[in-house]
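Accompanying notes for the structure given below.
2 protein chains.
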Amino acid sequence: MPLAPADDAFLETLRARLPGDVLRPAEARYLEEPRGRWSGAPTHVALPRSVDEVADIVRACAEARVGIVPYGGGTGLVGGQVMPGGAEAPLLLSLERMNAVRGVWAEENVLVAEAGAILAEVQGAAREAGRLFPLSLASEGSARMGGLLATNAGGVNVLRYGNARDLCLGLEAVLPSGEIWHGLRRLRKDNTGYDLRNLLIGAEGTLGVITAASLRLFPMPAATGTALLVVESPAAALGLLAMARTQMGEAVSAFEIMGRTGWEFLAETLPEVRLPFDDAPEWSVLVEVGLPRGLSPAEALEELFADAFEAGLVSDGLVAQSEAQAAEFWQVRERIPEANRKIGAVSSHDISVPLSAIPDFIPEGMRRLAAVGDFRVNCFGHVGDGNLHYNVFPAPGRSRADHEHQRDEIKRVLHDLVHEMGGSVSAEHGIGRLKVDDLERYQDPAKLNAMRAIKDALDPSGIMNPGAVLRAR
Amino acid sequence: MPLAPADDAFLETLRARLPGDVLRPAEARYLEEPRGRWSGAPTHVALPRSVDEVADIVRACAEARVGIVPYGGGTGLVGGQVMPGGAEAPLLLSLERMNAVRGVWAEENVLVAEAGAILAEVQGAAREAGRLFPLSLASEGSARMGGLLATNAGGVNVLRYGNARDLCLGLEAVLPSGEIWHGLRRLRKDNTGYDLRNLLIGAEGTLGVITAASLRLFPMPAATGTALLVVESPAAALGLLAMARTQMGEAVSAFEIMGRTGWEFLAETLPEVRLPFDDAPEWSVLVEVGLPRGLSPAEALEELFADAFEAGLVSDGLVAQSEAQAAEFWQVRERIPEANRKIGAVSSHDISVPLSAIPDFIPEGMRRLAAVGDFRVNCFGHVGDGNLHYNVFPAPGRSRADHEHQRDEIKRVLHDLVHEMGGSVSAEHGIGRLKVDDLERYQDPAKLNAMRAIKDALDPSGIMNPGAVLRAR
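Read top to bottom, the protein sequences are chains X and Y. Letter by letter, the first sequence follows residues 1 to 473 in UniProt numbering. Letter by letter, the second sequence follows residues 1 to 473 in UniProt numbering.
Dropping the structure here:
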């Protein structure tokens with residue numbers, strides 16, 4: 001049975017159940033997404049102020065069989081927050097007014113934030129309490145906690161601190177039935193029944209709406225250090241990573257690889273970004289460490305540099321001598337996505353493979369791409385996690401439009417390779433609406449069947465984020 | 001519709017589908033559990049050698065609607081592995097023959113083990129590869145990986161490395177339909193659909209049978225150190241923990257509290273255990289740290305001791321000067337459960353509360369217990385995780401049998417208090433069959449409804465570990 005549209009009659013009913021200003025026509029910004037692939041059908045957005053209002057909205061939608069698209073900061077890259085379509089226009093549900101940090105328990109290393117809280121503000125609230133909330137990614141100034149959890153966001157500190165799911169102790173959420181799950185526990189250990197928390201995390205709003213979360217904080221490392229090291233190859237980068245972890249254990253908090261193409265794109269499109277070496281290195285690695293007191297990160301990184309040079313893993317490098325220099329190194333890494341957008345990718349891939357497959361994956365991907373056409377590849381990312389952004393660009397002088405017809409083939413060629421190597425076609429961005437086909441093609445059939453059974457059990461009418469992750473039925 | 005028994009006709013059919021020696025009558029050891037509360041109905045046990053055989057068995061049970069009780073090392077403390085009953089005798093499914101370590105990828109920090117692998121052997125395989133598999137608990141010599149994951153086991157290193165679920169990257173499992181989920185990924189990041197892995201972990205065999213897992217390994221800390229410190233109170237213990245984490249960050253790998261009663265029980269029942277102080281301290285803490293190279297754990301612990309003494313948190317203490325002395329300190333902590341068994345608990349409680357509630361919980365629990373009767377409490381455990389074993393014993397001269405009639409009341413009183421304080425009535429042991437009533441009483445109703453919906457969706461006949469976690473219908 002198809003869903004009903006969020007039409008005038010429905011909106012009228014809903015308006016009667018809510019305070020006056022909760023419902024309004026959705027401005028354009030709610031109907032766009034960062035890569036410009038989709039635009040949402042014109043509809044209304046609900047802006048609740050409390051979990052009870054969220055529950056009222058979900059119940060009304062469940063009764064009327066109207067679809068709901070939960071909306072966080074709108075930064076998702078796979079279209080999970082934008083539902084195209086006409087006849088069945090869904091209701092958007094933005095959590096932006098539920099943006100409080102409800103509490104910080106520094107002595108417990110716990111913070112409770114509402115779903116609409118912006119990541120940078122959560123980081124700041126932790127910092128004020130002398131603690132670290134380690135989730136960190138390019139969109140942290142606008143991404144909101146609900147969306148970050150719904151998509152199990154990754155970022156640059158996963159190596160040490162884990163993905164978003166690893167940073168969450170408990171949730172408050174509204175289930176598709178409209179029931180409120182009061183699960184905001186501040187416990188490290190709680191083995192009382194099925195792990196509903198991790199089921200909602202990463203479900204991209206298809207099994208319920210996260211309204212608040214209790215989050216893990218960490219002690220601030222006594223001192224941090226940053227180095228930019230030139231490596232001969234991705235294999236040498238992995239050798240360097242192993243050496244760093246042998247020397248410093250979990251203190252290695254970020255380990256990011258960059259290929260020459262990224263540096264070239266920066267030089268071409270963002271000349272204000274200072275590049276620390278005169279010649280763009282074929283491969284370079286940004287290493288960040290946070291050490292306990294008694295150790296000097298600069299000395300530890302100098303020692304790593306010397307040992308890795310000795311071992312033939314590193315040919316050149318710089319250890320940041322100040323916070324300003326560390327920030328300069330990070331600028332190189334963090335502005336690559338902006339340079340990419342200026343160049344214009346034919347196809348972008350957020351993939352992971354087992355760590356030991358990285359050195360084979362990178363050149364083999366290029367070989368297979370060369371059979372499709374003449375492309376440039378900008379390969380960069382969280383190599384310490386086996387997670388690469390492997391983005392394909394036109395050769396100089398050509399535009400993405402010239403290759404539009406090859407996008408599906410490129411995606412297929414690269415994702416097939418990832419799959420052959422035991423990897424994932426979505427390492428950190430999720431499935432959204434962009435990768436529904438990929439999920440069907442590559443996911444284990446038994447898992448896919450289980451996912452569909454769970455979706456039908458918890459959301460029998462299919463109102464929660466219809467068409468995201470699983471095809472709408 | 002009730003389940004069918006694993007009767008002769010069923011066993012005949014099943015035998016025809018399997019190699020000759022897979023099925024046999026279950027010896028007594030399969031029908032007992034460590035606390036002696038239940039004994040299983042006489043039945044047969046299946047001992048498959050491969051995931052395909054497991055799938056054959058599950059399919060046969062699904063077709064005939066025969067219950068399956070998955071069996072690991074038999075060390076569970078809540079009766080998840082023992083199904084009492086007569087008419088509907090289930091089939092036991094022991095994974096003990098699937099005990100291989102399928103592979104170790106040291107450079108990836110990954111190990112793949114089958115469900116029947118014993119924890120100590122997995123630890124050993126990691127150690128041989130120069131890596132650490134940090135899951136560690138009293139029963140590690142007999143507990144098997146499948147059971148450890150199915151119950152999301154905890155232990156002494158959760159503070160630093162997390163629970164069993166945090167150590168698992170992927171699973172191979174047979175779902176209640178008999179489908180095999182091939183999910184043995186070696187990836188740190190994989191956002192492709194619902195988190196079936198975490199749903200099976202902690203489901204105690206009620207949603208499927210785990211047959212193998214890919215597990216996270218860690219670099220070995222360059223050096224470890226151990227101290228036994230006398231603290232004035234549980235509040236002082238938490239102050240010491242905060243100080244330790246400020247000084248050493250995540251390097252604090254274990255932080256165990258012991259009350260005077262535990263030491264008294266050791267002196268009374270296990271005189272061969274050497275107690276490092278002449279007078280049993282009211283409260284003491286066992287601290288273990290693993291530091292990166294360049295730091296001396298002994299020096300770091302001496303410094304912590306001095307600072308904590310200065311701050312009035314610690315009144316006495318010993319920093320181990322050798323591995324032998326560290327082992328001696330650990331003996332005190334690890335043999336408390338054995339001493340408990342010799343004394344004979346009226347009621348044992350594996351609870352957690354938010355860290356900041358610990359100092360109130362311990363005395364308030366004693367106050368409420370005193371209203372029930374005259375008891376001794378042995379309170380010890382993983383205080384760094386907010387997880388206490390709060391075990392209630394008869395006063396000297398009385399036996400557990402004298403208080404049998406008060407067991408339910410004691411449990412109710414303590415669990416009500418835990419619940420009031422936002423805690424969990426099963427921190428690390430799970431629900432099994434022992435705590436099904438507690439789950440119904442204390443769990444959030446929305447979560448409980450979601451759990452039942454998931455169970456019905458994935459296991460519509462209810463064959464998987466019937467009556468564990470959720471009441472059989």
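Virtual Cβ for every residue (Gly too), placed ideally from N, Cα, C. Fair warning: this is a prediction, and the values are worked out from it, not measured in the lab.
Pair within 8 angstroms by beta-carbon distance, residue i and residue j
i                      : j                      : result
residue 280 of chain X : residue 260 of chain X : yes
residue 297 of chain Y : residue 304 of chain Y : no
residue 378 of chain X : residue 265 of chain X : yes
residue 367 of chain Y : residue 393 of chain Y : no
residue 386 of chain X : residue 355 of chain X : yes
residue 336 of chain X : residue 258 of chain X : yes
residue 463 of chain Y : residue 68 of chain Y  : yes
residue 210 of chain X : residue 269 of chain X : no
residue 72 of chain Y  : residue 95 of chain Y  : yes
residue 98 of chain X  : residue 48 of chain X  : yes
residue 148 of chain X : residue 215 of chain X : no
residue 465 of chain X : residue 88 of chain X  : no
residue 61 of chain Y  : residue 23 of chain Y  : no
residue 230 of chain X : residue 332 of chain X : no
residue 156 of chain Y : residue 137 of chain Y : yes
residue 180 of chain X : residue 101 of chain X : no
residue 326 of chain X : residue 247 of chain X : no
6 angstroms Cβ shell around residue i - same chain, five flanking residues per side excluded
i                      : result
residue 154 of chain Y : 163 and 428
residue 141 of chain Y : 120
residue 434 of chain Y : 78 and 79
residue 59 of chain X  : 178
residue 196 of chain X : none
residue 262 of chain Y : 336, 378 and 380
residue 359 of chain Y : 234 and 235
Chain-ordered chain X contacts of residue i [CB-CB under 8 angstroms]
i                      : result
residue 411 of chain Y : Residues of chain X passing the Cβ test: none, with the nearest at roughly 15 angstroms.
residue 151 of chain Y : 191
residue 453 of chain Y : 457 and 458
residue 390 of chain Y : By Cβ distance, chain X contributes nothing, its closest Cβ being about 14 angstroms from residue 390 of chain Y, past 8 angstroms.
Beta-bridge partners of residue i, as assigned by DSSP
i                      : result
residue 41 of chain Y  : Residue 41 of chain Y is not bridged to any residue.
residue 71 of chain X  : X:94
residue 2 of chain X   : According to DSSP, which records beta bridges pairwise, residue 2 of chain X is partnered with nothing at all.
residue 103 of chain Y : Y:112
residue 380 of chain Y : Y:258 and Y:389
residue 209 of chain X : X:174
residue 263 of chain X : Answer by DSSP bridge pairing: none, since residue 263 of chain X is not bridged.
Sequence-distant residues of its chain with Cβ nearer than 7 angstroms to residue i (five each side left out)
i                      : result
residue 302 of chain Y : 319
residue 56 of chain Y  : 17 and 18
residue 307 of chain Y : 243
residue 340 of chain X : 265, 378 and 391
Residues that residue i contacts on chain Y, provided the C-beta gap is smaller than 9 angstroms
i                      : result
residue 437 of chain X : In chain order: nothing, as chain Y lies at least about 12 angstroms away.
residue 416 of chain X : Those within 9 angstroms of residue 416 of chain X in chain Y number zero; the least Cβ separation is about 15 angstroms.
residue 443 of chain X : 192 and 193
Proximal chain Y residues relative to residue i, where beta-carbon distance stays under 7 angstroms
i                      : result
residue 449 of chain X : 179
residue 248 of chain X : 292
residue 11 of chain X  : Within 7 angstroms Cβ-Cβ: nothing; residue 11 of chain X doesn't reach chain Y, min ~27 angstroms.
residue 163 of chain X : 189
Residues near residue i by beta carbon distance below 8 angstroms, same chain, minus five either side
i                      : result
residue 187 of chain Y : 169 and 170
residue 440 of chain Y : 448 and 471
residue 160 of chain X : 134, 250, 251, 252, 253, 254 and 290
9 angstroms Cβ cut-off: residues of chain X touching residue i
i                      : result
residue 386 of chain Y : 108, 186, 187, 188 and 189
residue 105 of chain Y : 354, 355 and 356
residue 245 of chain Y : 109, 218 and 219
Contacts that residue i makes with chain X (C-beta to C-beta distance below 7 angstroms)
i                      : result
residue 428 of chain Y : 189 and 191
Per-residue contacts from residue i into chain C (C-beta, under 9 angstroms)
i                      : result
residue 424 of chain X : Absent here is chain C; the protein component of the structure consists of chains X and Y.
Contiguous alpha helix (DSSP H) assignments of at least 4 residues, all confined to the segment 139-193 of chain Y
Considered as a whole, the segment 139-193 of chain Y harbours 145-150 and 158-161 as its complete alpha helix (DSSP H) runs of no fewer than 4 residues, in chain order.
In chain order, what are the residue ranges of uninterrupted alpha helix (DSSP H) at least 4 long that sit wholly in the segment 289-376 of chain Y?
297-310, 323-334, 336-343 and 358-370
Just list the beta strand (DSSP E) runs in the segment 211-255 of chain X, keeping only unbroken ones of 3 residues or longer that don't cross its boundaries, in chain order.
Secondary structure in the segment 211-255 of chain X: the beta strand (DSSP E) runs of 3 residues or longer, each lying completely within the stretch, are 223-231 in chain order.
Uninterrupted beta strand (DSSP E) stretches inside the segment 401-467 of chain Y (no shorter than 3 residues)
For the segment 401-467 of chain Y, not a single whole beta strand (DSSP E) run of length 3 or above is found.
Would you list, in sequence order, the uninterrupted beta strand (DSSP E) runs of no fewer than 3 residues that lie entirely inside the segment 16-65 of chain Y?
23-25 and 44-46
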